[in-house]
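In terms of the working numbering, the sequence shown opens at residue 174 and continues consecutively.
Report on the structure given below.
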Amino acid sequence: MKKILFVLTILLCLQGLSAQKPSLTKAYNFFYDKNFVKAKEMIDLCAQDEKLAGKAQTWLYKGNICYFLANEEYSAKQQNASFVIEHPDAPVEAYAAFRKSLELNPNAEAMDMFSAKEAMKQLYPLLLVRGVDQLIDKDYAAAEKTLAMSMESYEMDKPQYPMHGEIYYYYAYTLEMMDKAAQATAYYQKALDDGSQNPYVFARLMELYKNQQDKAAAGALVQKAKATIPQEMSTRLAEIDYLYWIGDSVKARQNLHAINTADLSNADDMVNLANFYIKEKNYDLATPLLERANRLSPDNFVVLYNLGVCKYCLHEKAFESYNNLLLDPSATSQKEHYKQISDQMLQESALYFEQARKLNPTDLSLLNTLRSIYVQQQSPKADEIGNIIKSLENR
Numbered sequence: 174m175k176k177i178l179f180v181l182t183i184l185l186c187l188q189g190l191s192a193q194k195p196s197l198t199k200a201y202n203f204f205y206d207k208n209f210v211k212a213k214e215m216i217d218l219c220a221q222d223e224k225l226a227g228k229a230q231t232w233l234y235k236g237n238i239c240y241f242l243a244n245e246e247y248s249a250k251q252q253n254a255s256f257v258i259e260h261p262d263a264p265v266e267a268y269a270a271f272r273k274s275l276e277l278n279p280n281a282e283a284m285d286m287f288s289a290k291e292a293m294k295q296l297y298p299l300l301l302v303r304g305v306d307q308l309i310d311k312d313y314a315a316a317e318k319t320l321a322m323s324m325e326s327y328e329m330d331k332p333q334y335p336m337h338g339e340i341y342y343y344y345a346y347t348l349e350m351m352d353k354a355a356q357a358t359a360y361y362q363k364a365l366d367d368g369s370q371n372p373y374v375f376a377r378l379m380e381l382y383k384n385q386q387d388k389a390a391a392g393a394l395v396q397k398a399k400a401t402i403p404q405e406m407s408t409r410l411a412e413i414d415y416l417y418w419i420g421d422s423v424k425a426r427q428n429l430h431a432i433n434t435a436d437l438s439n440a441d442d443m444v445n446l447a448n449f450y451i452k453e454k455n456y457d458l459a460t461p462l463l464e465r466a467n468r469l470s471p472d473n474f475v476v477l478y479n480l481g482v483c484k485y486c487l488h489e490k491a492f493e494s495y496n497n498l499l500l501d502p503s504a505t506s507q508k509e510h511y512k513q514i515s516d517q518m519l520q521e522s523a524l525y526f527e528q529a530r531k532l533n534p535t536d537l538s539l540l541n542t543l544r545s546i547y548v549q550q551q552s553p554k555a556d557e558i559g560n561i562i563k564s565l566e567n568r
């Protein structure tokens, strides 16, 4: 037993001797050799050291190392989508390190390295990319902090690469997802002031103005969109939506019917235009638009649900025509025609609702409509759907 303990003691001593000690010189040498991963490992040790953590030079080194590491990794990602970024928070660490260096000594310098002031105003593109990744992951709290750093960096000086409102757009969207509507409104506006031509900036801001019942601001936004991005179909659709909202349905219909559906190539625009046709109960025009949107954007709940609605309404329209001809003995072929259309539309409606149900199995409106269809078809599925509805209502 003593022999075993003696061997273990030797091994522990050897491990202690081989452990890296914090060294600013080694960190700099790794940096100079462009081995940024090793440089980061060493500078992180220095940042954890009680004495070295109080030196501006430590944080200046860390900022530069993380900055160049982030550049290296994100550049590799741009060239090869399958590249895995191992240090995604390097831009955030760089910015925080430079800020710490400035606090300790605003004049700290190092050969072949950026000063903190130089580097901080150049970090906004990397911080934006990281913030957007966090936003996509729905880590809104982290995205808010990262994008705030990106904005701060962007506003330090005249930007070398103008972002035309993109930083403010993503920051505003993050705030909106965090139920901070008032702040989000201000930053969407800031995106426009920074020259944004992003249709989604106008769309999101319009929704916020509508929620706030601010018709004057919404009207001004429509005019700005028409002046800024007149070629965008979303601008024409936003104006139609605004006209319906303020009650000018006559002009809204005029604008609606002036649109050539063949000009649409974006699934979102097709869905929005189809919604206007549904509002007008013009299901014959809404349906082909939604079918095109479904081909471009499959497995979209809204598209599938609205297709189910349109097909169901077309079923009802055909069935009404069939009923109107029941007492006319000379209209046998017409009756058969409308009966076939009615049955086909009802069947297609059920198929689309079933596809939508796979994406959202607890939508009661969908389930009740689907049950109604199965009742009309005298299908045993009606009882199955009915039981599901009862279980959801009794929760």
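Glycine residues also receive a C-beta, built at the ideal position from the N, C-alpha and C atoms.
Exercise for review: Would you identify the three-state DSSP class for residue 528, choosing helix, strand or coil?
Suggested key: One-based indexing of the sequence shown puts residue 528 at position 355. In this structure, DSSP gives residue 528 a helical state, which the three-state scheme calls helix.
Check your understanding: By DSSP, does residue 429 sit in helix, in strand, or in coil?
Key -> The count along the sequence shown starts at 1 and reaches residue 429 at position 256. Looking at residue 429 - three-state DSSP - the assignment turns out to be helix.
Review point. Is it a yes or a no for the stretch 228 to 235 touching the stretch 252 to 261, going by three-plus beta-carbon pairs under 8 angstroms?
Key: Between the stretch 228 to 235 and the stretch 252 to 261 there are fewer than three C-beta pairs closer than 8 angstroms, too few to call the two in contact.
Point to revise | Selection from 322, 297, 359 and 501 that minimises the alpha carbon distance to residue 335 | key: Here residue 335 is taken as the residue at index 162 of the sequence shown, counted from 1. Taking only the C-alpha atoms, the option nearest residue 335 is 297.
Review point. According to the Cβ coordinates, are residue 364 and residue 342 closer than 8 angstroms?
Key: Position 191 of the sequence shown holds residue 364. Position 169 of the sequence shown holds residue 342. It is a contact, given that the beta carbons lie within the stated cut-off.
**Study point:** Best match in 243, 250 and 358 for proximity to residue 378 [C-alpha to C-alpha]
**Key:** Translated into positions along the sequence shown, residue 378 becomes position 205. The shortest Cα separation from residue 378 among 243, 250 and 358 belongs to 358.
Practice item. Put residue 551 into one of helix, strand or coil per three-state DSSP. Key: Walking along the sequence shown from the start, residue 551 turns up at place 378. Here residue 551 sits in coil by DSSP.
Practice item. Flag residue 302 as yes when its Cβ comes closer than 7 angstroms to any non-hydrogen atom of the ligand NAD, and as no otherwise. Key: This structure lacks the ligand NAD, and indeed carries no ligand of any kind.
Review point. Should the stretch 480 to 490 be regarded as contacting the stretch 524 to 534, the criterion being three or more beta carbon pairs within less than 8 angstroms?
Key: Of all C-beta pairs linking the stretch 480 to 490 to the stretch 524 to 534, three or more are shorter than 8 angstroms, placing the two stretches in contact.
Review point. Quick one: what's got a C-beta closer than 7 angstroms to residue 347's C-beta in the same chain, skipping five residues either side?
Key: Position 174 of the sequence shown holds residue 347. Only 308, 313, 316, 317 and 320 meet the Cβ criterion.
Point to revise | Simplified DSSP state of residue 230, which is helix, strand or coil | key: By 1-based counting over the sequence shown, the position of residue 230 is 57. Residue 230 falls in the helix class under three-state DSSP.
Check your understanding: Cβ atoms of residue 565 and residue 570: under 8 angstroms apart, would you say?
Key -> With the chain running from 174 to 568 in the structure shown, residue 570 is simply not present.
Exercise for review: Report back the beta-carbon spacing between residue 374 and residue 338 to the nearest angstrom; my notes put them in contact at under 8 angstroms.
Suggested key: The residue given as residue 374 occupies position 201 in the sequence shown. The residue given as residue 338 occupies position 165 in the sequence shown. With a contact defined as Cβ atoms closer than 8 angstroms, residue 374 and residue 338 qualify at about 6 angstroms.
Check your understanding: Relative to the C-alpha of residue 398, which residue among 391, 444, 390 and 408 is closest?
Key -> Residue 398 sits at position 225 when you count from the first residue of the sequence shown. For residue 398, the closest of 391, 444, 390 and 408 by C-alpha to C-alpha distance is 408.
Practice item. Enumerate in chain order the residues of its own chain whose CB-to-CB distance from residue 390 is below 8 angstroms, with the five nearest sequence positions on each side excluded. Key: To locate residue 390, count along the sequence shown from 1; it is residue 217. Closer than 8 angstroms at the Cβ level, and outside the excluded window around residue 390, lie 382.
Point to revise | Start and end residues, alpha helix (DSSP H) containing residue 196 | key: Residue numbering aside, residue 196 sits at position 23 when the sequence shown is read from its first letter. Boundaries cannot be given for residue 196, as no alpha helix (DSSP H) includes it and DSSP labels it neither H nor E.
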